[in-house]
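Enquirer: This note's numbering numbers the first residue of the sequence shown as 1022 and each following residue consecutively. C-beta: ideal position from N, C-alpha, C; glycine also. No experiment lies behind these values; they were computed from the predicted model shown.
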Amino acid sequence: MIFLLSLFLLLFVFSGLVYALDTGEIEYGDQNTIEGYAQTMFDQGYNLYQAGRYGDAIQFFIDATSAKPDFVKAWYWLARTYQENNMVDEAIWAWRKVIQLDPSNTQAQYFFKKMQNWKLYGKEAWEIYEQAQNAYLQNQFIPAIQLFEAAIRENPNLEVAYYWLGISQLKNGDYAAAVKSLEKYLTLQPQDKNAEYWLNQAKKGKK
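#1: Measure the C-alpha to C-alpha separation of A1115 and L1099 and round it to an integer number of angstroms.
#2: From which residue to which residue does the alpha helix (DSSP H) around M1136 run?
#3: Could you name the residues of the same chain whose beta carbon sits closer than 7 Å to that of Q1071, not counting the 5 residues immediately before and after it, in chain order?
#4: How far does the alpha helix (DSSP H) with F1169 in it reach, from first residue to last?
#5: Is it buried or exposed, T1127, if we count other Cβ atoms within 10 angstroms and call 16 or more buried?
#6: Determine, using beta carbons only, whether K1227 and Y1184 come nearer to each other than 8 Å.
#7: Please look up how many angstroms separate the CB atoms of A1165 and S1189, rounded, as I've assumed it's under 8 Å.
#8: Rounded to whole angstroms, what is the Cα-Cα separation between A1216 and L1203?
#9: State the DSSP-derived secondary structure class of G1194, mapped to helix, strand or coil.
#10: Is the region 1079-1088 close to the region 1052-1069, with three or more CB pairs under 8 Å?
#11: Tell me the rounded alpha-carbon separation between P1177 and Q1065.
Below is the structure:
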């Protein structure tokens, strides 16, 4: 009798377990499942990125962000992969998403602005301009002048390059050239009071 009762209880528990599995009453955590899937997609994408298979990596990063829309790391690597493959509009979109999710991410803010400038002025012109800025910040005015001039040759509409070219020329003591560069800049940005000030300084030095 005891044996039959034990067997009955065992069958009852087992049948309940089967029912629960069939109806979904045993919950393993849907959120954990989604996050696990998103992480797996991200890991696959990152491995493909490392292998240089950028198109495939992009698809896996997209799958990761689709599964988990607030997956900042996946958005970051999606944006970076777009950027490194010169997919400017897509990179702008993805970097914007990173910033929305993580407003304090200064790296994303920098790359977002970079991509906007690539689109506005062209990649080559902007990259040369940034090299010129780095030279200027190190007080290497002659290399800075050469690089600002190169950026302008690449894109004559890169107005900010005229400004910093003029400032670099002023710092280097070439007042006549500084006047010319700053006057050109002010034809493009006539409301810039800082440029007016430095133009006056250059004119004084020229006398």
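Expert: Quick look at the numbers:
#1: Counted from its first residue, the sequence shown places residue 1115 at position 94. Counted from its first residue, the sequence shown places residue 1099 at position 78. So the two alpha carbons sit approximately 7 Å from each other.
#2: On the sequence shown, residue 1136 is found 115 positions in, with the first residue counted as 1. Counting along the chain, the alpha helix (DSSP H) containing M1136 begins and ends at T1127 to Y1142.
#3: Counting from 1 along the sequence shown, the entry for residue 1071 is found at position 50. Same-chain partners within the cutoff: there are none.
#4: Against the sequence shown, residue 1169 aligns to sequence position 148. It spans F1162 to E1175 - the alpha helix (DSSP H) in which F1169 sits, taken as one unbroken run.
#5: Here residue 1127 corresponds to residue number 106 of the sequence shown, with the count starting at 1. Counting Cβ neighbours within 10 Å, T1127 comes out exposed, since fewer than 16 surround it.
#6: Taking the first residue of the sequence shown as position 1, residue 1227 is located at position 206. Taking the first residue of the sequence shown as position 1, residue 1184 is located at position 163. Contact flag unset, no.
#7: On the sequence shown, position 144 is the one that residue 1165 refers to. On the sequence shown, position 168 is the one that residue 1189 refers to. About 5 Å separates the CB atoms of A1165 and S1189; that is less than 8 Å, so the two are in contact.
#8: Position 195 of the sequence shown, counted from the first residue, corresponds to residue 1216. Position 182 of the sequence shown, counted from the first residue, corresponds to residue 1203. Roughly 7 Å between the two C-alpha positions.
#9: Stepping through the sequence shown from its first residue, residue 1194 is reached at position 173. Note: G1194 maps to coil in three-state DSSP.
#10: yes
#11: Here the question's residue 1177 lines up with position 156 in the sequence shown. Here the question's residue 1065 lines up with position 44 in the sequence shown. Those two C-alpha atoms are separated by around 43 Å.
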